[in-house]
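Please read the structure below before turning to the comments.
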């Protein structure tokens, strides 16, 4: 009976967090206020798993590997499954992705304020930041939304999940074993 109770608790926790993330778009906030609520980030390495859902083909593509966040430079994805490859999002490469990452990690929200409507919600040490492109920017129509889920401990942040809903695809990135 105790095992059943724990199972029910875990189920309620998971479904509660899912609905918590889904209604984040009811909590619009200006980027400056969001920057004050988001924790500080330091360089780190993690394991990542990615699931990309191709809407038009109704196909799921899974990959996994190693992830590095270099605070002043960007991020590196070293994919180990299903094929080995490396994607680097640093200063001169993949400008849009790098601009978003750098704006969040350095708490420079002028870029985000200019390009996105910003949403924020938190409970205990779990926080969500969501971004929707403003109508007059180059991402509108291509990226529908970005939801970032993280934890906060002594004002140090860890991102545990990113969901990117884009034209034709929905990508979920999960990060574990960060440190």
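In the working numbering, the protein residues as written are 1 to 179. All C-beta atoms, glycine included, are put in the ideal place defined by N, C-alpha and C.
Checklist line | residue 75 to residue 57 span [Cα, whole Å] | finding: 29 Å
Check: residue 164 and residue 171: beta carbons closer than 8 Å?
Finding: yes
Checklist line | residue 156 versus residue 150 - alpha carbon distance | finding: 10 Å
Notebook entry, point to check: At which residue ranges does the stretch 39 to 123 contain complete beta strand (DSSP E) runs of 3 or more residues, listed in the order of the chain?
Noted result: 44 to 54, 59 to 70, 74 to 81, 85 to 90 and 116 to 123
Item checked: Environment of residue 176 [buried if 16+ CB atoms lie within 10 Å] -> exposed
Note to self: Only counting the same chain, and skipping five residues up and downstream in sequence, which positions put a Cβ closer than 6 Å to that of residue 54?
What the structure shows: 169
Check: Along the chain, where does the beta strand (DSSP E) that runs through residue 132 open and close?
Finding: 126 to 133
Notebook entry, point to check: Whose C-beta lies closer than 7 Å to the C-beta of residue 29 among residues of the same chain, with five residues either side of it excluded?
Noted result: 118, 119 and 120
Margin query: Can you tell me whether residue 24 is helix, strand or coil according to DSSP?
Written below: helix
Note to self: Spatial neighbours of residue 98 within its chain, please: C-beta separation below 7 Å, excluding the five flanking residues on both sides.
What the structure shows: 74, 89, 90 and 91
Margin query: I need the straight-line Cα distance from residue 125 to residue 40, nearest angstrom please.
Written below: 13 Å
Check: Apart from the five residues on each side of it in sequence, which residues of its chain come closer than 6 Å, Cβ to Cβ, to residue 86?
Finding: 78
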